[in-house]
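Peer 1: One point on numbering: in the working numbering, the residue at position 129 of the sequence shown is 130, and numbering is uninterrupted.
In this text, a Cβ means the ideal position worked out from N, Cα and C, and glycines have one as well.
Have a look at this one before I ask anything.
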Amino acid sequence: MSTTSQLIEFAKSSGAFWMNRGTGIALTWDSGIYWHNLWTEHDDRGTLLYKYGPSERWEDRSTFVASPFEDWTAKGAIIHVGEFARSYLGWDPIIIPQVDSDPVAHPYVYSQFFPWVGGLELDGKVLPLTVRTMFPTHRELTEFAHIATLDSQILLDAYMSEDGGALRNWVRHS
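Given below as structure tokens:
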């Protein structure tokens, strides 16, 4: 079973309602007010993109993470869907840093593509993903940089573990 499929099953096990939506799936915990969407779409060059993003009250989806690689998009979805699932299970949240307090915490350089869209560079090469974020603080991109090197299965396992697994140092205990 793919990491994305496991994430969907985890969400459902925590009480999420799901629906097929176009070329993907939508998940909600609040009777459809806020939706988490995972879908595929071709860009203007014909490249298949895996996308994750929110929508409200079944309005148009907005892309939060997009990549031609499912694994990159899965990581972005895991952070958000996983946090909702943990909350509905009554587990403590995993708080991934959104500010770089340690300049060597990760090896990435931030790139701004548009006013609200950025990406990561490694060794001078732009990675194949975009993340919706606001510059100059780029909190969402910083958060993504902290987990980008993790295997998506390890990341998902952490969210599916009450103690936070590999991310236990970032669990905020209540």
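Taking 7 Å as the threshold (C-beta atoms), are Gln154 and Thr4 in contact?
Peer 2: Contact flag set, yes.
Peer 1: Could you pull out every unbroken alpha helix (DSSP H) segment of at least 4 residues lying fully inside the region 63–134, listed in chain order?
Peer 2: 71–89
Peer 1: Sort Met161, Ala149, Trp59 by Cα distance to Phe70 and report the nearest one.
Peer 2: Ala149
Peer 1: In this structure, does DSSP put Phe18 in helix, strand or coil?
Peer 2: strand
Peer 1: Of the residues Phe11, Arg62, Phe136, Trp40, which one's Cα is nearest the Cα of Lys52?
Peer 2: That would be Trp40, whose Cα lies nearest to the Cα of Lys52.
Peer 1: Is Tyr129 near Ser63, with beta carbons less than 7 Å apart?
Peer 2: The amino acid occupying residue 129 in the given sequence is Pro; Tyr does not appear at that position. Taking 7 Å as the Cβ cut-off, Pro129 and Ser63 do not qualify as a contacting pair.
Peer 1: Whose CA, out of Met2, Ala12, Asp164, lies closest to the CA of Ile79?
Peer 2: Ala12
Peer 1: Kindly list the residues whose CB is nearer than 8 Å to the CB of His157, restricted to its own chain and excluding five residues on each side of it in sequence; keep chain order.
Peer 2: Rather than His, the amino acid found at residue 157 in this sequence is Leu. Hits under 8 Å: Thr4, Gln7, Leu8, Phe11, Ala75, Ile79, Gly83.
Peer 1: Name the one or two DSSP bridge partners that Asn38 has.
Peer 2: Ala27, Gly54
Peer 1: Could you have a look at His174 and say whether DSSP puts it in helix, strand or coil?
Peer 2: When DSSP states are grouped into helix, strand and coil, His174 belongs to the coil group.
Peer 1: Trp19 and Ile26: beta carbons closer than 7 Å?
Peer 2: yes
Peer 1: Pick helix, strand or coil for Leu142, following the three-state DSSP scheme.
Peer 2: helix
Peer 1: Less than 8 Å between the CB atoms is what I'm expecting for Glu144 and Pro98, so what's the real figure, rounded?
Peer 2: 7 Å
Peer 1: Expressed to the nearest angstrom, what Euclidean distance is found between the alpha-carbon atoms of His139 and Asp124?
Peer 2: 20 Å
Peer 1: Check for me: the alpha helix (DSSP H) holding Ala159 runs from which residue to which?
Peer 2: 153–160
Peer 1: Taking the Cβ atom as the reference point for each residue, do Glu122 and Val132 lie within a distance shorter than 7 Å?
Peer 2: The answer is no: Cβ separation not under 7 Å.
Peer 1: Give me the Cα-Cα distance between Ala86 and Gly16, rounded to the nearest whole angstrom.
Peer 2: Per the coordinates, the alpha-carbon of Ala86 lies some 8 Å from the alpha-carbon of Gly16.
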